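Okay, structure first, notes after.
In the working numbering, the protein residues as written are 22 to 342.
Encoded structure:
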(Lines of atoms letter the chains of each structure in order from A and count residues from 1; the text may use other names and numbers.)
(Lines give C-alpha, C1' and ligand atoms only; values in the text may rest on other atoms or scores of the structure.)
Protein backbone atom coordinates (compact mmCIF):
# COMPACT_ATOMS: atom_id res chain seq x y z
CA UNK A 1 0.00 0.00 0.00
CA UNK A 2 1.32 3.43 -0.82
CA UNK A 3 1.78 6.05 1.87
CA UNK A 4 -1.27 7.97 0.64
CA UNK A 5 -3.65 5.07 0.02
CA UNK A 6 -6.51 4.16 2.34
CA UNK A 7 -6.64 0.68 3.89
CA UNK A 8 -9.68 -1.32 2.83
CA UNK A 9 -9.61 -3.73 5.77
CA UNK A 10 -8.78 -3.45 9.45
CA UNK A 11 -5.19 -4.59 10.06
CA UNK A 12 -4.74 -7.90 11.82
CA UNK A 13 -2.72 -7.20 14.94
CA UNK A 14 -0.73 -9.23 17.46
CA UNK A 15 -2.08 -12.14 19.45
CA UNK A 16 -4.15 -10.87 22.39
CA UNK A 17 -1.94 -11.29 25.48
CA UNK A 18 -5.02 -11.26 27.75
CA UNK A 19 -6.12 -14.50 26.10
CA UNK A 20 -2.84 -16.19 25.20
CA UNK A 21 0.15 -15.62 27.52
CA UNK A 22 3.14 -13.92 25.92
CA UNK A 23 5.32 -16.96 26.51
CA UNK A 24 2.97 -19.24 24.55
CA UNK A 25 2.48 -19.76 20.84
CA UNK A 26 4.60 -19.23 17.75
CA UNK A 27 7.35 -16.63 18.14
CA UNK A 28 6.64 -14.25 15.30
CA UNK A 29 7.94 -10.68 15.60
CA UNK A 30 5.85 -8.92 18.28
CA UNK A 31 3.42 -11.87 18.03
CA UNK A 32 2.17 -10.47 14.74
CA UNK A 33 0.50 -12.59 12.06
CA UNK A 34 2.63 -14.36 9.51
CA UNK A 35 2.58 -12.80 6.08
CA UNK A 36 0.98 -15.89 4.54
CA UNK A 37 -1.89 -15.58 7.01
CA UNK A 38 -2.85 -12.04 5.97
CA UNK A 39 -1.87 -12.13 2.30
CA UNK A 40 -0.27 -8.67 2.17
CA UNK A 41 1.43 -6.21 4.50
CA UNK A 42 2.27 -2.53 4.49
CA UNK A 43 5.33 -3.34 6.59
CA UNK A 44 7.03 -6.73 6.53
CA UNK A 45 9.58 -7.88 9.10
CA UNK A 46 12.02 -10.10 7.21
CA UNK A 47 14.62 -12.31 8.86
CA UNK A 48 18.00 -13.08 7.31
CA UNK A 49 19.79 -15.83 9.28
CA UNK A 50 23.21 -15.31 7.69
CA UNK A 51 26.62 -14.70 9.25
CA UNK A 52 29.16 -16.01 6.75
CA UNK A 53 30.57 -12.49 6.35
CA UNK A 54 31.74 -12.01 9.93
CA UNK A 55 35.38 -11.36 10.78
CA UNK A 56 35.46 -12.27 14.49
CA UNK A 57 32.74 -13.91 16.59
CA UNK A 58 30.10 -15.83 14.58
CA UNK A 59 26.49 -16.52 15.56
CA UNK A 60 24.36 -13.76 14.01
CA UNK A 61 22.62 -16.43 11.92
CA UNK A 62 20.64 -17.22 15.06
CA UNK A 63 19.59 -13.60 15.64
CA UNK A 64 16.23 -13.49 13.78
CA UNK A 65 14.84 -16.29 15.95
CA UNK A 66 16.18 -14.76 19.16
CA UNK A 67 14.93 -11.26 18.34
CA UNK A 68 11.49 -12.68 17.67
CA UNK A 69 11.56 -14.40 21.08
CA UNK A 70 12.61 -11.16 22.78
CA UNK A 71 9.88 -9.23 20.95
CA UNK A 72 7.09 -11.16 22.71
CA UNK A 73 6.88 -8.39 25.32
CA UNK A 74 6.38 -5.54 22.84
CA UNK A 75 3.00 -3.84 23.21
CA UNK A 76 0.76 -2.32 20.53
CA UNK A 77 0.85 1.38 21.48
CA UNK A 78 3.99 3.54 21.16
CA UNK A 79 3.51 6.52 23.52
CA UNK A 80 6.71 8.28 22.45
CA UNK A 81 5.49 8.57 18.85
CA UNK A 82 1.77 8.49 19.69
CA UNK A 83 1.09 5.71 17.25
CA UNK A 84 -0.38 2.21 17.41
CA UNK A 85 1.71 0.83 14.55
CA UNK A 86 -0.09 -2.50 14.26
CA UNK A 87 -3.48 -0.80 14.05
CA UNK A 88 -2.39 2.03 11.74
CA UNK A 89 -1.13 -0.30 9.00
CA UNK A 90 -0.84 -4.02 8.39
CA UNK A 91 2.42 -5.32 9.81
CA UNK A 92 3.36 -8.97 9.39
CA UNK A 93 6.26 -11.33 9.91
CA UNK A 94 7.57 -12.43 6.52
CA UNK A 95 9.70 -15.25 7.91
CA UNK A 96 13.32 -15.89 6.97
CA UNK A 97 15.25 -15.81 3.72
CA UNK A 98 16.97 -19.12 3.03
CA UNK A 99 20.62 -18.14 2.55
CA UNK A 100 23.44 -20.38 1.36
CA UNK A 101 25.94 -20.31 4.26
CA UNK A 102 28.81 -21.46 2.02
CA UNK A 103 28.44 -19.02 -0.87
CA UNK A 104 28.26 -15.34 0.04
CA UNK A 105 27.39 -13.91 -3.42
CA UNK A 106 24.62 -16.50 -3.79
CA UNK A 107 23.30 -15.63 -0.33
CA UNK A 108 23.27 -11.92 -1.16
CA UNK A 109 21.33 -12.65 -4.35
CA UNK A 110 18.76 -14.56 -2.27
CA UNK A 111 18.38 -11.61 0.09
CA UNK A 112 17.88 -9.22 -2.81
CA UNK A 113 15.33 -11.51 -4.44
CA UNK A 114 13.41 -11.86 -1.18
CA UNK A 115 13.41 -8.11 -0.64
CA UNK A 116 12.34 -7.53 -4.24
CA UNK A 117 9.38 -9.86 -3.86
CA UNK A 118 8.17 -8.08 -0.74
CA UNK A 119 8.63 -4.63 -2.26
CA UNK A 120 6.82 -5.71 -5.43
CA UNK A 121 3.90 -6.76 -3.22
CA UNK A 122 3.74 -3.26 -1.74
CA UNK A 123 5.54 -3.80 1.56
CA UNK A 124 8.17 -1.71 3.24
CA UNK A 125 10.76 -3.90 4.91
CA UNK A 126 12.41 -3.94 8.31
CA UNK A 127 15.09 -6.61 8.12
CA UNK A 128 16.46 -8.43 11.15
CA UNK A 129 19.82 -10.03 10.46
CA UNK A 130 22.18 -11.62 10.22
CA UNK A 131 25.51 -9.87 9.77
CA UNK A 132 26.04 -6.50 8.12
CA UNK A 133 26.97 -7.97 4.74
CA UNK A 134 23.24 -8.20 4.03
CA UNK A 135 22.87 -4.40 3.87
CA UNK A 136 24.40 -4.43 0.38
CA UNK A 137 21.65 -6.39 -1.45
CA UNK A 138 19.01 -4.41 0.43
CA UNK A 139 20.58 -1.15 -0.75
CA UNK A 140 20.68 -2.52 -4.30
CA UNK A 141 16.90 -2.89 -4.15
CA UNK A 142 16.52 0.59 -2.68
CA UNK A 143 18.52 2.04 -5.59
CA UNK A 144 16.43 0.13 -8.11
CA UNK A 145 13.25 1.67 -6.73
CA UNK A 146 14.25 5.08 -5.43
CA UNK A 147 17.56 5.94 -7.04
CA UNK A 148 20.57 6.58 -4.79
CA UNK A 149 19.40 6.84 -1.19
CA UNK A 150 20.48 8.73 1.90
CA UNK A 151 22.07 6.39 4.43
CA UNK A 152 22.08 6.67 8.20
CA UNK A 153 24.40 3.98 9.48
CA UNK A 154 24.59 3.27 13.23
CA UNK A 155 27.70 1.28 14.09
CA UNK A 156 30.87 1.15 16.13
CA UNK A 157 32.75 0.63 12.86
CA UNK A 158 32.87 2.36 9.48
CA UNK A 159 32.19 -0.74 7.35
CA UNK A 160 33.79 0.99 4.37
CA UNK A 161 36.93 -1.14 4.24
CA UNK A 162 37.95 -2.63 0.92
CA UNK A 163 38.53 -6.35 1.62
CA UNK A 164 39.19 -8.86 4.36
CA UNK A 165 41.63 -11.61 3.38
CA UNK A 166 40.93 -10.73 -0.24
CA UNK A 167 37.15 -11.13 0.14
CA UNK A 168 35.07 -8.29 -1.31
CA UNK A 169 31.81 -9.14 0.44
CA UNK A 170 32.04 -9.16 4.23
CA UNK A 171 30.39 -7.39 7.14
CA UNK A 172 33.15 -4.77 7.06
CA UNK A 173 32.77 -3.84 3.39
CA UNK A 174 29.07 -3.31 2.49
CA UNK A 175 29.14 0.47 2.27
CA UNK A 176 32.36 0.54 0.22
CA UNK A 177 30.65 -1.73 -2.29
CA UNK A 178 27.48 0.37 -2.10
CA UNK A 179 29.50 3.50 -2.86
CA UNK A 180 31.27 1.79 -5.78
CA UNK A 181 27.92 0.60 -7.17
CA UNK A 182 26.46 4.14 -6.96
CA UNK A 183 23.71 3.05 -4.58
CA UNK A 184 24.12 6.00 -2.21
CA UNK A 185 23.34 9.71 -2.32
CA UNK A 186 26.78 10.98 -1.35
CA UNK A 187 25.35 14.29 -0.12
CA UNK A 188 23.53 12.53 2.73
CA UNK A 189 25.66 9.80 4.27
CA UNK A 190 26.26 9.56 8.01
CA UNK A 191 27.85 7.08 10.38
CA UNK A 192 26.59 7.38 13.96
CA UNK A 193 28.07 5.79 17.07
CA UNK A 194 31.55 5.31 15.59
CA UNK A 195 34.33 4.70 18.11
CA UNK A 196 37.34 2.57 18.85
CA UNK A 197 40.72 2.07 17.19
CA UNK A 198 41.17 1.95 13.41
CA UNK A 199 43.77 0.33 11.18
CA UNK A 200 45.20 3.74 10.29
CA UNK A 201 44.26 7.40 9.89
CA UNK A 202 43.79 6.66 6.19
CA UNK A 203 40.59 4.83 7.08
CA UNK A 204 39.02 8.19 7.96
CA UNK A 205 40.40 9.90 4.86
CA UNK A 206 39.11 7.14 2.63
CA UNK A 207 35.71 7.19 4.33
CA UNK A 208 35.38 10.97 3.91
CA UNK A 209 36.24 10.62 0.23
CA UNK A 210 33.07 8.57 -0.19
CA UNK A 211 31.02 11.39 1.31
CA UNK A 212 30.41 10.07 4.82
CA UNK A 213 30.07 12.34 7.81
CA UNK A 214 30.71 10.91 11.26
CA UNK A 215 28.78 11.46 14.46
CA UNK A 216 30.84 9.58 17.02
CA UNK A 217 29.59 8.08 20.25
CA UNK A 218 31.44 10.87 22.07
CA UNK A 219 29.65 13.45 19.91
CA UNK A 220 26.33 12.05 21.07
CA UNK A 221 27.46 12.28 24.68
CA UNK A 222 28.85 15.82 24.34
CA UNK A 223 26.17 17.34 22.09
CA UNK A 224 23.12 15.48 23.32
CA UNK A 225 20.38 13.70 21.40
CA UNK A 226 18.40 16.81 20.31
CA UNK A 227 21.44 18.46 18.69
CA UNK A 228 22.43 15.23 16.96
CA UNK A 229 18.90 14.73 15.64
CA UNK A 230 18.79 18.28 14.28
CA UNK A 231 22.10 17.81 12.43
CA UNK A 232 20.99 14.47 11.02
CA UNK A 233 17.67 15.84 9.81
CA UNK A 234 19.41 18.76 8.10
CA UNK A 235 21.74 16.35 6.30
CA UNK A 236 18.98 13.93 5.31
CA UNK A 237 16.33 16.45 4.27
CA UNK A 238 13.46 14.86 2.36
CA UNK A 239 15.61 12.33 0.52
CA UNK A 240 14.66 8.64 0.50
CA UNK A 241 16.38 7.35 3.64
CA UNK A 242 17.72 3.90 4.44
CA UNK A 243 18.61 3.22 8.09
CA UNK A 244 21.10 0.46 8.84
CA UNK A 245 21.71 -0.39 12.49
CA UNK A 246 24.53 -2.58 13.69
CA UNK A 247 23.62 -3.40 17.29
CA UNK A 248 27.26 -2.88 18.25
CA UNK A 249 26.63 0.86 18.01
CA UNK A 250 25.42 0.26 21.56
CA UNK A 251 27.91 -0.08 24.39
CA UNK A 252 28.61 -3.69 25.39
CA UNK A 253 26.77 -2.93 28.64
CA UNK A 254 23.62 -2.58 26.52
CA UNK A 255 24.50 -5.11 23.80
CA UNK A 256 27.04 -7.73 24.88
CA UNK A 257 25.75 -10.26 22.37
CA UNK A 258 27.48 -9.08 19.22
CA UNK A 259 30.42 -10.16 17.11
CA UNK A 260 32.81 -7.21 17.40
CA UNK A 261 32.07 -5.25 20.61
CA UNK A 262 33.75 -1.91 21.33
CA UNK A 263 33.79 0.01 24.61
CA UNK A 264 32.29 3.48 24.93
CA UNK A 265 29.14 3.11 22.84
CA UNK A 266 25.66 4.57 22.82
CA UNK A 267 23.08 3.67 25.41
CA UNK A 268 19.92 2.00 24.19
CA UNK A 269 18.06 5.11 25.37
CA UNK A 270 20.23 7.37 23.18
CA UNK A 271 19.70 5.16 20.12
CA UNK A 272 15.94 5.02 20.60
CA UNK A 273 15.85 8.78 21.17
CA UNK A 274 17.73 9.52 17.96
CA UNK A 275 15.47 7.21 15.97
CA UNK A 276 12.38 8.79 17.51
CA UNK A 277 13.68 12.19 16.43
CA UNK A 278 13.57 11.05 12.79
CA UNK A 279 9.76 10.96 12.71
CA UNK A 280 8.54 12.44 9.44
CA UNK A 281 11.64 11.64 7.40
CA UNK A 282 11.19 9.60 4.23
CA UNK A 283 12.29 6.17 5.46
CA UNK A 284 12.19 3.62 2.64
CA UNK A 285 13.84 0.68 4.40
CA UNK A 286 15.82 -0.37 7.44
CA UNK A 287 17.77 -3.20 9.02
CA UNK A 288 18.97 -4.28 12.47
CA UNK A 289 21.98 -6.59 12.33
CA UNK A 290 24.89 -8.24 14.18
CA UNK A 291 23.06 -9.67 17.18
CA UNK A 292 24.97 -12.81 18.23
CA UNK A 293 22.79 -14.64 20.79
CA UNK A 294 25.53 -17.01 22.00
CA UNK A 295 27.34 -14.05 23.57
CA UNK A 296 24.23 -12.46 25.05
CA UNK A 297 23.25 -12.36 28.72
CA UNK A 298 19.61 -12.54 29.83
CA UNK A 299 18.61 -11.50 26.28
CA UNK A 300 19.93 -7.94 26.85
CA UNK A 301 21.01 -7.55 23.23
CA UNK A 302 17.98 -9.28 21.74
CA UNK A 303 15.65 -7.11 23.80
CA UNK A 304 17.46 -3.99 22.62
CA UNK A 305 17.27 -5.17 19.00
CA UNK A 306 13.58 -5.97 19.28
CA UNK A 307 12.86 -2.47 20.56
CA UNK A 308 14.97 -0.91 17.82
CA UNK A 309 13.03 -2.88 15.21
CA UNK A 310 9.76 -1.80 16.87
CA UNK A 311 10.94 1.81 16.67
CA UNK A 312 11.61 1.43 12.94
CA UNK A 313 8.24 -0.21 12.34
CA UNK A 314 6.55 2.61 14.26
CA UNK A 315 8.32 5.30 12.23
CA UNK A 316 7.19 3.61 9.02
CA UNK A 317 3.65 3.23 10.39
CA UNK A 318 3.54 6.98 11.01
CA UNK A 319 4.26 7.48 7.32
CA UNK A 320 1.54 5.01 6.35
CA UNK A 321 -0.98 6.55 8.75
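The beta carbon of each residue, even a glycine, is placed where N, CA and C say it ideally should be.
Since the structure is predicted, the reported quantities are computational estimates derived from the model, not experimental observations.
- When DSSP states are grouped into helix, strand and coil, residue 317 belongs to the coil group.
- Cβ contact annotation for residue 126 (same chain, cutoff 8 angstroms, sequence separation greater than five): 190, in chain order.
- Taking a 10 Å sphere around the C-beta of residue 163, we find 16 or more other C-beta atoms and assign the residue as buried.
- Going by beta carbons, residue 68 and residue 192 fall outside the 7 angstroms limit.
- Using a Cβ-Cβ distance cut-off of 8 angstroms, the segment 163–182 and the segment 103–121 are not in contact, since fewer than three pairs of beta carbons, one from each stretch, lie closer than that value.
- Residue 291 and residue 315 have their C-alpha atoms spaced approximately 25 angstroms apart.
- A direct Cα-Cα distance of roughly 44 angstroms separates residue 210 from residue 41.
- For residue 177, the closest C-alpha among the options 217, 205, 141 is that of 217.
- About 6 angstroms separates the beta carbons of residue 295 and residue 249, which is inside the 8 angstroms limit, making them a contact pair.
- Within the segment 138–200, the complete beta strand (DSSP E) segments of 3 residues or longer fall at 145–150, 170–175, listed in chain order.
- Within the DSSP bridge table, the entry for residue 233 names 210 as partners.
- Cβ neighbours of residue 237 within its own chain (closer than 7 angstroms, five residues either side excluded): 215, 216.
- In this model, residue 338 and residue 282 are separated by some 31 angstroms (Cα to Cα).
- Cα atoms of residue 186 and residue 194: separation of roughly 12 angstroms, rounded to the nearest angstrom.
- Counting C-beta atoms within 10 angstroms of its own C-beta, residue 145 has 16 or more neighbours from the protein chains shown and is therefore classed as buried.
- Taking the Cα of residue 47 as reference, the smallest distance to any Cα among 167, 90, 330 is reached at 90.
- The Cβ atoms of residue 274 and residue 268 lie no closer than 7 angstroms to each other.
- Judged by beta-carbon spacing, residue 301 lies beyond the 7 angstroms limit of residue 263, meaning their Cβ atoms are not closer than that value.
- For residue 289, the enclosing alpha helix (DSSP H) starts and ends at 289–297.
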